[in-house]
Amino acid sequence: DTGVSQDPRHKITKRGQNVTFRCDPISEHNRLYWYRQTLGQGPEFLTYFQNEAQLEKSRLLSDRFSAERPKGSFSTLEIQRTEQGDSAMYLCASSPRVITPQETQYFGPGTRLLVL
Amino acid sequence: AQTVTQSQPEMSVQEAETVTLSCTYDTSESDYYLFWYKQPPSRQMILVIRQEAYKQQNATENRFSVNFQKAAKSFSLKISDSQLGDAAMYFCAYRQGAQKLVFGQGTRLTINP
């Protein structure tokens, strides 16, 4: 098991362009979470999936943001018409089917987005 | 809404000494979980230690231990025998059930050799 992976690790784009990030969770983890972390701050929750169902969305997730997990495995996060305020680290995490005190969320390395 | 507050933006400690990082949280729930995560520079976040709110006994993981005060809604992390590899951002986090994590602002820990 190689852990949670994210691609790309870094992305530089111009304001107004669309970007898409991918997250591959740990195999057999059915829950997948997206967080956003701005410089010097803690991660903030964006959305999460159980299998392919998107169960919760933060109000931080404006209508320019969309996330999918079509087959309950990998997930994509798309940002349309990027703005400079979207510059941040986008973190993905996954957790197993049964959340017990012994289980928690395992984080990927993140995708760092810079909007010029 | 639940909130998590870390009042120490930065802390430093001499190698081999002990340091305590503070965290307070606000919730009206009685059953929840608390975590400390470590985020080394340019590396991914990893779990350091967890605490279940229903347990009175403080969690311990090798050199890491917590002081959980449920009534005061306080959850501090103590690192004993600090090592250079402990240098990182430390985040306190709250979770209720199988839901999202709510993070504090983080504390940057520096280890002085």
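Respectively, the protein sequence lines represent chains A and B. Position 3 (the first sequence) corresponds to 647 in this note's numbering; numbering is contiguous. Position 36 (the second sequence) corresponds to 40 in this note's numbering; numbering is contiguous. Don't be surprised by glycine CBs; every beta carbon is placed ideally from N, CA and C. Just so it is clear, the structure is predicted and the values come from calculations on it, not from any experiment.
Please list, in chain order, the chain B residues whose beta carbon lies closer than 7 Å to that of Gly716(A). One-based indexing of the first sequence puts residue 716(A) at position 72. Within chain B, no residue comes near Gly716(A); the closest Cβ sits about 16 Å away, beyond 7 Å.
Which residues in chain B sit within 8 Å of Gln685(A), going by Cβ to Cβ distance? Your numbering for residue 685(A) matches position 41 in the first sequence. Within 8 Å Cβ-Cβ: Gln109, Gly110.
7 Å CB neighbourhood of Pro753(A) in its chain, flanking five on each side removed: Start at 1 with the first residue of the first sequence, and residue 753(A) comes out as number 109. The answer, listed in chain order, is Gln650, Arg653.
Taking the beta strand (DSSP E) that Thr31(B) falls in, what are its first and last residues? If you number the second sequence from 1, residue 31(B) lands on position 27. Per DSSP, Thr31(B) belongs to no beta strand (DSSP E) and is neither H nor E.
Span of the beta strand (DSSP E) around Thr598(A): Any question about residue 598(A) goes unanswered here, given that chain A covers just 645 to 760.
So what does DSSP say about Asp651(A), is it helix, strand or coil? Position 7 of the first sequence holds residue 651(A). Strand at Asp651(A).
Enclosing beta strand (DSSP E) for Ile50(B) [first to last residue]: Position 46 of the second sequence, counted from the start, is the residue given in the question as residue 50(B). That run of the beta strand (DSSP E) goes 50-56.
Please tell me whether Thr114(B) and Ala91(B) are closer than 8 Å, where the distance is taken between their beta carbons. Along the second sequence, one-based indexing puts residue 114(B) at 110. Along the second sequence, one-based indexing puts residue 91(B) at 87. Yes, these two residues count as a Cβ contact at 8 Å.
What is the rounded straight-line gap between the Cα of Gln109(B) and the Cα of Gln685(A)? Taking the second sequence and counting its residues from 1, one reaches residue 109(B) at position 105. Taking the first sequence and counting its residues from 1, one reaches residue 685(A) at position 41. One C-alpha to the other measures close to 5 Å.
Residue closest to Gly716(A), alpha-carbon to alpha-carbon, out of Gly729(A), Glu727(A), Ile723(A), Ser739(A): Along the first sequence, read from residue 1 onward, the residue named residue 716(A) stands at position 72. Checking every option, the nearest Cα to that of Gly716(A) belongs to Ser739(A).
Buried or exposed: which applies to Leu81(B), given that a residue is buried once 16 or more other Cβ atoms fall within 10 Å of its Cβ? For the purposes of this step, residue 81(B) is identified with residue 77 of the second sequence, where counting begins at 1. Buried, by the Cβ-count rule.
In chain order, which continuous runs of the beta strand (DSSP E) of length 3 or greater are located wholly inside the region 665-728 of chain A? 675-681, 688-694, 697-701, 709-712, 719-723
Helix or strand or just coil, what does DSSP make of Leu3(B)? The structure shown has nothing for residue 3(B), since chain B only spans 5 to 117.
Which residues does DSSP pair with Lys42(B) in a beta bridge? The count along the second sequence starts at 1 and reaches residue 42(B) at position 38. Bridge partners of Lys42(B): Ile50(B), Tyr94(B).
When the Cα atoms are used, what is the spatial distance from Glu14(B) to Ala732(A)? Start at 1 with the first residue of the second sequence, and residue 14(B) comes out as number 10. Start at 1 with the first residue of the first sequence, and residue 732(A) comes out as number 88. In a straight line, the C-alpha of Glu14(B) is about 21 Å away from that of Ala732(A).
Looking at C-alpha atoms only, which residue of Asp668(A), Val648(A), Gln728(A), Gly729(A) is the closest neighbour of Arg47(B)? Locating residue 47(B) in the second sequence gives position 43, counting from the first residue. Cα-wise, what sits closest to Arg47(B) is Val648(A).
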